[in-house]
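Heads up: the sequence lines are chains A and B, in that order.
The opening residue of the first sequence carries number 437 in this note's numbering; numbering runs sequentially from there.
The opening residue of the second sequence carries number 437 in this note's numbering; numbering runs sequentially from there.
Cβ coordinates follow ideal geometry from the N, Cα and C atoms, glycine included.
Remarks on the structure that follows.
Protein chains: 2
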Amino acid sequence: MTSPAVSSRALPHPERGEIRLEGILHALSDPMRLRIVRELAAVSDELSCSHFDLPVTKSTTTHHFRVLRESGVIRQIYRGTAKMNGLRRDDLDDLFPGLLDTLLDAAARQAVRVGSG
Amino acid sequence: MTSPAVSSRALPHPERGEIRLEGILHALSDPMRLRIVRELAAVSDELSCSHFDLPVTKSTTTHHFRVLRESGVIRQIYRGTAKMNGLRRDDLDDLFPGLLDTLLDAAARQAVRVGSG
DNA sequence: CGACTCGTACGATAGGCATCGTAGTACGTT
DNA sequence: AACGTACTACGATGCCTATCGTACGAGTCG
Numbered sequence: 437m438t439s440p441a442v443s444s445r446a447l448p449h450p451e452r453g454e455i456r457l458e459g460i461l462h463a464l465s466d467p468m469r470l471r472i473v474r475e476l477a478a479v480s481d482e483l484s485c486s487h488f489d490l491p492v493t494k495s496t497t498t499h500h501f502r503v504l505r506e507s508g509v510i511r512q513i514y515r516g517t518a519k520m521n522g523l524r525r526d527d528l529d530d531l532f533p534g535l536l537d538t539l540l541d542a543a544a545r546q547a548v549r550v551g552s553g
Numbered sequence: 437m438t439s440p441a442v443s444s445r446a447l448p449h450p451e452r453g454e455i456r457l458e459g460i461l462h463a464l465s466d467p468m469r470l471r472i473v474r475e476l477a478a479v480s481d482e483l484s485c486s487h488f489d490l491p492v493t494k495s496t497t498t499h500h501f502r503v504l505r506e507s508g509v510i511r512q513i514y515r516g517t518a519k520m521n522g523l524r525r526d527d528l529d530d531l532f533p534g535l536l537d538t539l540l541d542a543a544a545r546q547a548v549r550v551g552s553g
């Protein structure tokens, strides 16, 4: 009943120096992934994959999380059966100061404008 | 010899309210298009398509400019045989304050980091 | 008019990608 | 060990897209 430890299952992440702006922009150009990132930023904490209620199947959800991880936007670790997701704020803010917040602000403005957020 | 007038050939642009963040991010996630936008921002003026010396054919260049226009990132008008390209700074700054500059700064930082800009 | 430049249109091609469904693995609980 | 939950792996599918080449249209200049 104690909180599950980090599993040994490894998940490949790009190192800070390998993160590319084009990759980030591509990752966030998908509505589903932008939505995930906005939700992660809103709670500023780790969330399990199953926390998200996306209008796609679980396979597709897995795919989107992998794209986000491989582009360097999020960090993923296993805790028991759950896979926890968190923004790589430290790395992103170091590489591209202000980028993440500006993107989140832009997404929020658009959500207000189009009326879906 | 006077500067050529704006031609009657029409080019469809999205209106300000139709510009979508996802479209912008997708447009800029391509290295060739990001390069074009950086160059346009550097001169902060209109540039003809032929001014750019990209490592792709003219057909492909045409394609990239169209993607940038249809996503709302640039404005294009014909002046004689030349097609002039300019950033839609006013619209972008109004819709997403700070976004363009932050993206340009991020691109510049990466260029310095990887040594190609 | 004729020649030249700039850019477009269209078709082809090859690769990427968002999505699904099914079968399977890893882990925790009983 | 048996079961349930969380997520993955793999194959299929259909669409999107970056690229090219060739042929064409629009405009300018001689």
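#### Entry: Exposure of B:L535, with buried meaning 16 or more beta-carbon neighbours within 10 Å
For the purposes of this step, residue 535 of chain B is identified with residue 99 of the second sequence, where counting begins at 1. Per the 10 Å Cβ criterion, buried.
### Message
By the DSSP assignment, the alpha helix (DSSP H) with B:G459 in it spans what residues?
### Response
The count along the second sequence starts at 1 and reaches residue 459 of chain B at position 23. Run containing B:G459: 457 to 464, per the alpha helix (DSSP H) assignment.
### Query
Using the beta-carbon of each residue, which ones in chain A are nearer than 8 Å to B:A478?
For the purposes of this step, residue 478 of chain B is taken as the residue at position 42 of the second sequence. Here the premise fails: no neighbours, minimum Cβ distance about 17 Å.
### Query
How about B:I460 and B:G508: are their beta carbons less than 8 Å apart?
In the second sequence, residue 460 of chain B corresponds to position 24, counting from 1. In the second sequence, residue 508 of chain B corresponds to position 72, counting from 1. For B:I460 and B:G508, yes; Cβs fall inside 8 Å.
### Task
With DSSP as the reference, please indicate the residues paired to B:A518 in a beta bridge.
In the second sequence, counting from the first residue as 1, residue 518 of chain B sits at position 82. Its beta-bridge partners are B:R515.
### Query
In the structure shown, what three-state DSSP assignment does B:S484 receive?
Within the second sequence, numbered from 1, the residue matching residue 484 of chain B stands at position 48. DSSP places B:S484 in strand when its eight states are reduced to three.
### Task
Flag B:S465 as yes if its beta-carbon sits less than 8 Å from any beta-carbon of chain A, otherwise no.
For the purposes of this step, residue 465 of chain B is taken as residue 29 along the second sequence, with counting starting at 1. Cβ-Cβ to chain A under 8 Å: yes for B:S465.
### Task
Run down chain A in chain order and give the residues with a C-beta less than 7 Å from the C-beta of B:G534.
Taking the second sequence and counting its residues from 1, the one referred to as residue 534 of chain B is at position 98. The contacting residues are T538.
### Minimum Cβ-Cβ distance from B:H500 to chain A less than 8 Å
For the purposes of this step, residue 500 of chain B is identified with residue 64 of the second sequence, where counting begins at 1. Output row for B:H500: interface = no.
#### Entry: Strand pairing of B:I510, partner residues [DSSP]
To locate residue 510 of chain B, count along the second sequence from 1; it is residue 74. According to DSSP, B:I510 bridges with B:L523.
#### Entry: Proximal chain A residues relative to B:Q546, where beta-carbon distance stays under 8 Å
Position 110 of the second sequence, counted from the first residue, corresponds to residue 546 of chain B. Within 8 Å Cβ-Cβ: R456, L457, L531, F532.
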